[in-house]
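Enquirer: Sending over a structure as structure tokens; questions will come in a sec.
There are 2 protein chains.
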Amino acid sequence: MQQKLNDFINENKSMIQEEMKTHMHNLDIPVRLKKSMLYSIEAGGKRLRPILLLAGFKAYGTNIKKVLSTAIALEMIHTYSLVHDDLPAMDDDDLRRGQPTNHKVFDDATAILAGDALLTYSFELITNDPYLSDTQKVYIIKLLTEASGPKGMVAGQILDMEAEKKEINLQELETIHTLKTGELLRFAIRSGAYIGEATNAQVEYLDEFAYYLGLIFQVQDDILDVTGDPDKIGKPVGSDEVNQKNTYPKLLGLDGAIEKKQYYVKMAKRALENANAETSYLMLLTDYFSNRDY
Amino acid sequence: MQQKLNDFINENKSMIQEEMKTHMHNLDIPVRLKKSMLYSIEAGGKRLRPILLLAGFKAYGTNIKKVLSTAIALEMIHTYSLVHDDLPAMDDDDLRRGQPTNHKVFDDATAILAGDALLTYSFELITNDPYLSDTQKVYIIKLLTEASGPKGMVAGQILDMEAEKKEINLQELETIHTLKTGELLRFAIRSGAYIGEATNAQVEYLDEFAYYLGLIFQVQDDILDVTGDPDKIGKPVGSDEVNQKNTYPKLLGLDGAIEKKQYYVKMAKRALENANAETSYLMLLTDYFSNRDY
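Here it is in structure tokens:
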């Protein structure tokens with residue numbers, strides 16, 4: 025089963041990356057802007073969001089071409105959020121995945137504009153998709169704006185900034201994560217299933233699944249900052265404690281955090297079973313999210 | 025005729041502003057994010073873009089409700105671009121229209137996020153419009169992403185930044201303006217006419233009109249920086265010369281710039297006549313753009 029998942033991830037990762045590059049290379053735009061957008065797109069990453077989208081689709085649909093533009097649009101929005109997050113005015117990070125951040129290679133102004141361009145272009149991509157109906161395009165753009173805009177990811181970023189200066193409780197911590205990270209993961213699964221023509225009831229159960237998957241992702245992130253291998257995760261461990269970040273281990277202790285994660289895994293799998301998607305890659309991805317070491 | 029235009033502008037300006045505020049106040053998002061978005065939305069401005077959109081629509085259509093969301097989305101995108109443009113990493117402006125810029129009132133991080141949120145929310149608004157068909161929504165979002173993204177406004181901003189350090193010729197200057205300012209004006213007129221169900225041929229002529237209108241707007245901007253009244257334009261005159269900006273008066277002399285503007289006015293009006301929109305507010309707006317003193 026592990027091999028099956030690895031093959032699925034590796035094949036789709038390559039496909040997503042090729043598709044993104046092709047789209048970008050075909051764009052007739054100023055050289056510096058293109059270089060800056062491409063730099064962050066090619067900087068790698070696990071491509072978890074488009075892979076989740078493909079897995080959500082595969083649980084019900086077959087023709088993978090139907091989800092490619094949406095998957096790429098999603099990854100571009102994730103990429104834009106990282107480019108803006110790394111800016112000196114935000115997290116002020118010089119490195120991401122071991123490479124200099126966008127504004128370090130270009131400059132702050134170019135990084136701001138490249139982020140704006142990636143965000144805007146992601147919606148353009150969906151409007152031009154030849155495999156989706158207009159009704160599907162409108163619904164997907166609506167879901168994506170809700171997930172990434174002021175009600176979703178951007179709300180999470182503002183709340184996260186505000187929480188840095190104070191103590192928060194577990195419920196507040198989960199709200200921040202659900203908005204900042206969870207909403208895009210939720211979009212991935214929801215839009216994949218929708219394009220795969222899952223029933224409304226199935227989409228609702230997958231929505232519940234996605235909620236828990238987002239939390240699993242975050243608890244594991246926090247756990248890795250305590251117990252992870254710095255070489256594998258690509259950054260020093262213990263930085264959350266130094267930065268006095270609100271994390272699961274801080275609020276619950278390390279054992280409490282692991283216990284919480286196991287509870288979320290149980291809830292996620294139960295929702296999957298209800299969604300009649302239990303034979304899909306989503307089940308394998310749940311354990312992958314829970315056990316990842318980077 | 026002047027009174028007719030003034031009434032049109034004032035009535036629609038108020039309506040647009042009320043609509044924008046209502047939409048924003050109804051948004052259930054973090055307080056700080058909402059305050060920052062509202063601050064820049066309420067900061068005023070001429071609302072030229074939504075007014076042009078309404079005028080483009082009025083040349084063919086009647087039920088104004090059909091264009092309200094699109095007009096507001098357009099103004100929100102214009103607003104986001106100003107918020108990001110004013111950032112220290114970009115133009116580093118402390119004042120806009122005599123008031124402190126967004127990042128001065130809040131902070132750089134909040135201004136970046138408020139801009140991102142305005143951009144994303146503008147597309148969400150269009151997906152939720154109850155008066156447009158899905159086909160219309162997809163086409164409008166496509167036009168708006170093209171006008172504001174890496175092929176349009178953002179391309180213009182990058183090229184403008186690069187041109188600051190060198191001498192450019194008239195053609196290069198016009199390319200920058202067409203992308204940076206013209207594309208959104210073009211979207212205003214084109215989408216208004218499209219929703220008003222103008223024929224394809226009429227839309228093409230209006231497109232030509234919009235191209236010249238954008239240039240008229242820019243030449244007059246440059247002229248006002250030489251001959252304008254600082255109290256009216258809200259900033260000191262002569263700043264373009266001090267900043268060694270590439271402008272029409274610099275490349276053509278003041279008389280040459282005025283002559284060029286008159287040529288553009290002639291071309292704009294000819295296109296309008298071809299579009300069978302000669303009785304519309306667009307004709308009046310052409311003179312208004314050409315003769316404005318602020």
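Heads up: the sequence lines are chains X and Z, in that order. So the first sequence is numbered by our numbering: it starts at 25 and just counts up by one. So the second sequence is numbered by our numbering: it starts at 25 and just counts up by one. Think of the CB as a built atom: it goes at the ideal place given N, C-alpha and C, for glycine as much as any other residue.
Whole beta strand (DSSP E) runs in the stretch 104 to 131 of chain Z with 3 or more residues, listed along the chain?
Expert: Counting only runs of 3 or more, we get nothing.
Enquirer: Give every residue of the same chain whose Cβ lies closer than 6 Å to the Cβ of residue 128/Z, excluding the five residues on either side of it in the sequence, and list them in chain order.
Expert: Here residue 128/Z is taken as the residue at index 104 of the second sequence, counted from 1. Same-chain partners within the cutoff: 118.
Enquirer: Using the C-alpha atoms, what's the distance from residue 56/Z back to residue 86/Z?
Expert: As a working note, residue 86/Z is residue 62 in the second sequence. As a working note, residue 56/Z is residue 32 in the second sequence. Whole-angstrom Cα-Cα distance: 39 Å.
Enquirer: Which whole-angstrom value is the C-beta distance of residue 107/Z and residue 141/X, which I expect to be below 8 Å?
Expert: As a position in the second sequence, residue 107/Z is number 83, starting the count at 1. As a position in the first sequence, residue 141/X is number 117, starting the count at 1. With a Cβ gap of about 16 Å, residue 107/Z and residue 141/X do not count as contacting.
Enquirer: So, are the CB atoms of residue 144/Z and residue 144/X less than 7 Å apart?
Expert: Along the second sequence, read from residue 1 onward, the residue named residue 144/Z stands at position 120. Along the first sequence, read from residue 1 onward, the residue named residue 144/X stands at position 120. Contact flag unset, no.
Enquirer: DSSP three-state call for residue 261/X: helix, strand or coil?
Expert: Translated into positions along the first sequence, residue 261/X becomes position 237. Note: residue 261/X maps to coil in three-state DSSP.
Enquirer: Grouping DSSP H, G and I as helix and E and B as strand, with all else coil, what is residue 222/Z?
Expert: Taking the second sequence and counting its residues from 1, one reaches residue 222/Z at position 198. Of the three classes helix, strand and coil, the one that applies to residue 222/Z here is coil, per DSSP.
Enquirer: Please confirm whether residue 227/Z has its beta-carbon closer than 7 Å to some beta-carbon of chain X.
Expert: Counted from its first residue, the second sequence places residue 227/Z at position 203. Output row for residue 227/Z: interface = no.
Enquirer: For residue 317/X, which option in 41/X, 261/X, 295/X and 32/X has the closest C-alpha, if you only look at C-alpha atoms?
Expert: One-based indexing of the first sequence puts residue 317/X at position 293. Checking every option, the nearest Cα to that of residue 317/X belongs to 261/X.
Enquirer: Is the Cβ of residue 48/X closer than 7 Å to any Cβ of chain Z?
Expert: The residue given as residue 48/X occupies position 24 in the first sequence. Chain Z contact via Cβ: absent.
Enquirer: Do we get a CB-CB distance below 7 Å when we pair residue 320/Z with the residues of chain X?
Expert: Lying outside 25 to 318, the shown extent of chain Z, residue 320/Z is not represented and no answer is given.
Enquirer: What are the start and end residues of the alpha helix (DSSP H) that includes residue 171/X?
Expert: To locate residue 171/X, count along the first sequence from 1; it is residue 147. It spans 158 to 172 - the alpha helix (DSSP H) in which residue 171/X sits, taken as one unbroken run.
Enquirer: Drop a sphere of 10 angstroms on the beta-carbon of residue 121/X, count the other beta-carbons inside from all chains shown, and report buried for 16 or more, exposed for fewer.
Expert: As a position in the first sequence, residue 121/X is number 97, starting the count at 1. The residue is exposed, with fewer than 16 neighbouring Cβ atoms inside 10 Å.
Enquirer: For a contact meaning CB atoms closer than 7 Å, what does residue 300/X contact in chain Z?
Expert: The residue given as residue 300/X occupies position 276 in the first sequence. In chain order: nothing, as chain Z lies at least about 29 Å away.
Enquirer: Just to confirm the assignment, what range does the alpha helix (DSSP H) spanning residue 7/Z have?
Expert: No information on residue 7/Z is available, as it lies outside the stretch 25 to 318 that chain Z covers here.
Enquirer: Kindly indicate the opening and closing residues of the alpha helix (DSSP H) around residue 296/X.
Expert: What you label residue 296/X is simply residue 272 of the first sequence in a count that begins at 1. Segment 272 to 298, the alpha helix (DSSP H) holding residue 296/X.
Enquirer: Looking at the ligand GDP, does it come within less than 6 Å of residue 74/X, judged from the CB to the closest heavy atom?
Expert: The ligand GDP is absent from the structure shown, which contains no ligands of any kind.
Enquirer: Between residue 56/Z and chain X, is the shortest Cβ-Cβ distance under 7 Å, so that the two count as touching?
Expert: Translated into positions along the second sequence, residue 56/Z becomes position 32. Chain X contact via Cβ: present.
Enquirer: For residue 26/X, does the count of other Cβ atoms within 10 angstroms reach 16, so buried, or fall short, so exposed?
Expert: Sequence index remark: in the first sequence, residue 26/X carries index 2 (1-based). With fewer than 16 Cβ atoms within 10 Å of its Cβ, residue 26/X is classed as exposed.
Enquirer: For residue 196/X and residue 270/X, what's the separation of their Cα atoms in angstroms?
Expert: For this step, residue 196/X is matched to residue 172 along the first sequence. For this step, residue 270/X is matched to residue 246 along the first sequence. Whole-angstrom Cα-Cα distance: 10 Å.
Enquirer: Cα-Cα, which of 105/X, 131/X and 151/X is closest to residue 10/Z?
Expert: Residue 10/Z lies beyond the residue range present for chain Z, which begins at 25 and ends at 318; the question has no answer from this structure.
Enquirer: Tell me the residue span of the alpha helix (DSSP H) that contains residue 268/X.
Expert: Walking along the first sequence from the start, residue 268/X turns up at place 244. Premise fails: residue 268/X is in no alpha helix (DSSP H) and is neither H nor E.
Enquirer: Is the separation between the beta-carbon of residue 215/Z and that of residue 94/Z shorter than 7 Å?
Expert: Working through the second sequence from its first residue, we reach residue 215/Z at position 191. Working through the second sequence from its first residue, we reach residue 94/Z at position 70. In this structure, residue 94/Z lies closer than 7 Å to residue 215/Z by Cβ.
Enquirer: Alpha carbon to alpha carbon, how far is residue 297/Z from residue 229/Z? Give it in angstroms, no decimals.
Expert: One-based indexing of the second sequence puts residue 229/Z at position 205. One-based indexing of the second sequence puts residue 297/Z at position 273. Each residue's alpha carbon lies about 9 Å from the other.
Enquirer: Measuring CA to CA, which of 36/Z, 49/Z, 83/Z and 42/Z is closest to residue 303/Z?
Expert: Start at 1 with the first residue of the second sequence, and residue 303/Z comes out as number 279. With distances taken between Cα atoms, residue 303/Z lies closest to 83/Z.
Enquirer: Among 96/X, 134/X and 97/X, whose alpha-carbon lies nearest the alpha-carbon of residue 109/Z?
Expert: Within the second sequence, residue 109/Z is the residue found at index 85, counting from 1. Among 96/X, 134/X and 97/X, the Cα nearest to that of residue 109/Z belongs to 134/X.
Enquirer: What residues in the stretch 262 to 279 of chain X have a beta carbon less than 7 Å from any beta carbon of chain A?
Expert: No chain A appears in the structure shown, which is made up of the protein chains X and Z.
Enquirer: Taking its Cβ as the centre, do 16 or more other Cβ atoms sit within 10 Å of residue 36/Z, making it buried, or is it exposed?
Expert: Taking the first residue of the second sequence as 1, we reach residue 36/Z at position 12. Its Cβ being crowded by 16 or more others within 10 Å, residue 36/Z is buried.
Enquirer: Could you compute how far the alpha carbon of residue 30/Z sits from the alpha carbon of residue 281/Z?
Expert: Your numbering for residue 30/Z matches position 6 in the second sequence. Your numbering for residue 281/Z matches position 257 in the second sequence. Taking the straight line joining both Cα atoms gives about 27 Å.
Enquirer: Is there at least one Cβ from chain X nearer than 7 Å to residue 81/Z's Cβ?
Expert: Stepping through the second sequence from its first residue, residue 81/Z is reached at position 57. So, not an interface residue.
Enquirer: Could you spell out the range, first to last residue, of the alpha helix (DSSP H) harbouring residue 40/Z?
Expert: Stepping through the second sequence from its first residue, residue 40/Z is reached at position 16. It spans 26 to 49 - the alpha helix (DSSP H) in which residue 40/Z sits, taken as one unbroken run.
Enquirer: Would a C-beta distance cut-off of 7 Å place residue 249/X and residue 272/X closer than the cut-off?
Expert: Translated into positions along the first sequence, residue 249/X becomes position 225. Translated into positions along the first sequence, residue 272/X becomes position 248. Not a contact, by the Cβ cut-off of 7 Å.
Enquirer: Ends of the alpha helix (DSSP H) at residue 153/Z?
Expert: The sequence position of residue 153/Z within the second sequence is 129, counting from 1. Per DSSP, residue 153/Z belongs to no alpha helix (DSSP H) and is neither H nor E.
Enquirer: To the nearest angstrom, how far is it from the Cα of residue 48/X to the Cα of residue 98/X?
Expert: For the purposes of this step, residue 48/X is identified with residue 24 of the first sequence, where counting begins at 1. For the purposes of this step, residue 98/X is identified with residue 74 of the first sequence, where counting begins at 1. If I take the Cα positions, the gap works out to 15 Å.
Enquirer: Which value, in whole angstroms, describes the spacing of the CA atoms of residue 96/X and residue 157/X?
Expert: Taking the first sequence and counting its residues from 1, the one referred to as residue 96/X is at position 72. Taking the first sequence and counting its residues from 1, the one referred to as residue 157/X is at position 133. If I take the Cα positions, the gap works out to 18 Å.
Enquirer: Going by C-alpha to C-alpha distance, which of 130/X, 193/X and 155/X sits closest to residue 275/X?
Expert: The sequence position of residue 275/X within the first sequence is 251, counting from 1. Comparing Cα positions, the closest option is 193/X.
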